[in-house]
Ligand code: ADP
Ligand code: ZN
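In the numbering used here, the protein residues as written are 261 to 868.
So this is what it looks like as structure tokens:
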């Protein structure tokens with residue numbers, strides 16, 4: 261069990277240094293401390309001091325006289341034949357003492373100068389060692405590397421065990437499929453026998469896959485909480501970053517502890533940090549490979565039914581080494597997706613329970629406004645709302661708090677002191693109304709809920725919030741085209757009204773281009789390329805960047821197609837605005853004056 265023997269040596273060094281230190285102390289420091297300084301004076305001075313009554317204590321020794329003055333300074337002088345001395349001393353009020361200099365017993369001084377220092381140093385050494393061990397396996401060590409005490413033996417303490425914080429499935433809102441999937445693990449941990457009897461073995465590893473903040477960690481904790489078993493957790497990046505040169509032995513440690521505690525859950529967050537494909541690139545990371553190999557060995561090493569279930573989370577499943585995902589290792593994959601409308605509402609409600617909140621809150625509306633938000637973002641929205649309520653001196657959170665905090669989370673705080681010139685403000689008004697009007701006039705586009713021209717810290721000068729009424733899983737070609745038209749609507753309004761264009765449309769342009777490109781290269785929505793994939797998605801959960809998979813000629817053909825597609829929609833948007841120019845003017849003027857208008861206000865003016 262005790263795999264790491266070599267690291268004991270630094271401790272020996274420590275003890276050697278300690279012994280030398282004690283020796284030095286005894287030779288140089290203690291003698292000085294033990295003896296107070298004694299000044300030698302001649303007998304005449306002694307007699308004179310006696311006469312002047314300056315002496316406080318006297319000790320007659322066989323070959324010398326020790327005495328102290330009123331300031332407790334010590335003196336000594338030789339013995340003289342002096343008959344009346346005792347009487348004269350007595351007369352001047354001297355105290356006769358037998359121990360002016362306290363002589364410590366030899367035993368006591370030995371204790372003081374040797375045993376106690378050694379004891380203290382031993383104790384210190386022990387403390388340092390146990391601290392090192394704790395830190396090493398607890399994960400917060402800051403001093404690895406050049407440290408002489410770095411890397412002591414294996415830790416026996418149960419430091420990996422983290423409580424699952426009492427999280428249960430009911431605390432994880434939405435994610436019903438994931439919960440259903442994991443329920444089986446819970447049942448297995450409850451009663452492994454049932455499975456053994458029939459000869460079924462549980463998957464050793466379950467991979468939780470999904471975008472950041474969707475509750476993967478929570479789900480893993482909930483499994484441990486439901487099954488009431490210990491929860492060992494470790495982050496993949498910790499393995500390779502914190503424990504330089506120690507990754508593999510940490511894995512071994514983690515598993516040996518887990519096996520002792522079985523049944524239990526081992527949770528490895530960010531497993532992609534160790535489990536990346538070993539792709540034979542030049543710059544291989546030996547450390548990581550060793551760690552990964554150790555993990556694979558450990559997973560193969562234990563039999564199917566020993567009660568240790570490994571859960572791992574990642575948001576880049578495509579980058580995992582195939583060895584990790586083959587049967588017998590992480591062979592089960594549980595998708596943890598961004599919550600849908602109902603899921604968002606549930607998550608909001610779960611987190612709203614933790615704060616004081618008005619009882620007429622329309623969670624459905626908030627959920628609809630927060631389209632695309634992850635669980636973590638929704639939790640953040642609730643917290644922002646609570647902070648806002650406190651800031652405004654309210655006792656509980658209200659609907660406007662929640663609505664404003666969505667905007668804060670999406671677009672940043674209101675920029676109170678950003679001053680737009682009148683002309684700029686008018687341009688922004690037209691731009692935003694342009695988006696909204698184009699969206700509203702295309703039958704298939706989602707209606708607008710809110711338009712504002714109050715600048716935000718994110719840099720947005722204004723924005724139009726569109727809301728999907730219900731869940732969308734598919735988008736038709738027309739819907740995508742309309743979306744592009746809506747995105748170009750802002751710029752189109754500037755052109756229609758002012759005959760000039762501004763820099764304000766950069767974000768719109770980016771999004772429109774992305775959409776148009778995806779339609780052509782990935783969704784097969786162009787007549788020319790039919791159903792041929794020109795691009796592949798690299799990581800679906802993080803940003804979604806793509807890599808091209810076509811010849812250079814095709815690339816330039818694609819570029820032309822993209823431009824053509826966006827241009828058509830841009831023209832369409834302009835036409836819509838020209839056809840509705842009076843409404844555009846009226847709405848933009850209204851927004852200019854009020855700075856924020858709701859979807860209802862907008863529709864009321866539009867339909868007037
Ligand atoms: P991940 O591990 O997927 O990145 P976490 O599990 O760490 O995400 O979630 C981060 C936070 O987001 C949680 O602490 C929780 O407050 C909130 N959260 C995420 N998903 C949910 C959910 N489905 N239900 C309730 N809260 C959630
Ligand atoms: Zn815009």
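From the three backbone atoms N, C-alpha and C, an ideal C-beta is built for every residue, glycine too. All of these numbers come straight from a predicted model, not from anything done at the bench.
To the nearest whole angstrom, what separates the beta carbons of residue i and residue j, a pair I think is in contact under 8 angstroms?
i           : j           : result
residue 358 : residue 317 : Contact flag wrong, Cβ pair sits at about 10 angstroms.
residue 572 : residue 468 : 7 angstroms
residue 744 : residue 826 : 6 angstroms
residue 552 : residue 532 : The Cβ separation is near 11 angstroms, so there is no contact.
residue 568 : residue 519 : 6 angstroms
residue 754 : residue 762 : 6 angstroms
residue 690 : residue 757 : 5 angstroms
residue 442 : residue 483 : 5 angstroms
residue 508 : residue 550 : 5 angstroms
residue 780 : residue 822 : 6 angstroms
residue 521 : residue 490 : 5 angstroms
residue 528 : residue 478 : The pair is not a contact, with the Cβ atoms about 15 angstroms apart (cut-off 8 angstroms).
residue 749 : residue 848 : Contact doesn't hold; Cβ gap of about 12 angstroms is too wide.
residue 657 : residue 614 : Wrong, their Cβ atoms sit about 11 angstroms apart, outside the cutoff.
residue 229 : residue 338 : Residue 229 is absent from the model: the chain starts at 261 and stops at 868.
residue 794 : residue 810 : 5 angstroms
Nearer than 7 angstroms: is that true of the beta carbon of residue i relative to any heavy atom of ligand 2?
i           : result
residue 691 : yes
Just the Cα atoms here: how many angstroms apart are residue i and residue j?
i           : j           : result
residue 681 : residue 687 : 10 angstroms
residue 635 : residue 600 : 10 angstroms
residue 526 : residue 598 : 24 angstroms
residue 587 : residue 556 : 12 angstroms
residue 643 : residue 692 : 29 angstroms
residue 349 : residue 297 : 23 angstroms
residue 631 : residue 493 : 32 angstroms
residue 609 : residue 661 : 15 angstroms
residue 382 : residue 275 : 8 angstroms
residue 299 : residue 309 : 14 angstroms
residue 722 : residue 697 : 15 angstroms
residue 414 : residue 618 : With a pLDDT of 42 at residue 414, under the threshold of 50, the modelled position of this residue cannot be trusted; read the value that follows with caution. If you take the alpha carbons of residue 414 and residue 618, they lie about 54 angstroms apart.
residue 624 : residue 606 : 9 angstroms
residue 611 : residue 628 : 17 angstroms
residue 574 : residue 596 : 10 angstroms
residue 385 : residue 279 : 12 angstroms
residue 718 : residue 480 : 34 angstroms
residue 376 : residue 561 : 49 angstroms
residue 637 : residue 458 : 44 angstroms
residue 433 : residue 666 : 19 angstroms
residue 535 : residue 805 : 21 angstroms
residue 920 : residue 726 : The structure shown does not extend to residue 920, since the chain spans only 261 to 868, so no value can be given for it.
residue 546 : residue 512 : 17 angstroms
residue 815 : residue 472 : 32 angstroms
residue 621 : residue 659 : 6 angstroms
residue 301 : residue 287 : 28 angstroms
residue 735 : residue 777 : 15 angstroms
residue 839 : residue 760 : 19 angstroms
What do you reckon, is the C-beta of residue i under 7 angstroms from a heavy atom of ligand 3?
i           : result
residue 438 : Although ligand 3 was asked about, the structure shown includes only ligand 1 and ligand 2 as ligands.
Output yes if chain D places a C-beta closer than 8 angstroms to the C-beta of residue i; else output no.
i           : result
residue 708 : This model lacks chain D altogether, as it is built from one protein chain only.
- prompt: Which residues have their C-beta within less than 6 angstroms of a heavy atom of ligand 1, listed in chain order?
  reply: Proximity to ligand 1 was defined by a C-beta distance below 6 angstroms to any of its heavy atoms, and the residues meeting it, in sequence along the chain, are 432, 433, 434, 435, 472, 473, 474, 475, 476, 477, 478, 573, 607, 610, 635, 636 and 639.
field: Exercise answer, beta-carbon shell around ligand 2 heavy atoms below 5 angstroms
entry: Every residue whose beta carbon comes nearer than 5 angstroms to a heavy atom of ligand 2 appears here in chain order: 750 and 768.
- request: Return the chain-ordered ranges of every alpha helix (DSSP H) run that is complete within the stretch 744-782 and spans a minimum of 4 residues.
  value: Here the runs fully enclosed are 766-781.
field: Every unbroken beta strand (DSSP E) inside the stretch 433-508 [3 residues or more]
entry: List check, beta strand (DSSP E) in window: 465-469 and 491-495.
task: Output the residue ranges of the beta strand (DSSP E) runs that lie fully inside the stretch 641-715 and measure 3 residues or longer, sorted by chain position.
output: With a minimum length of 3 residues, the unbroken runs of beta strand (DSSP E) contained wholly in the stretch 641-715 fall at 708-712.
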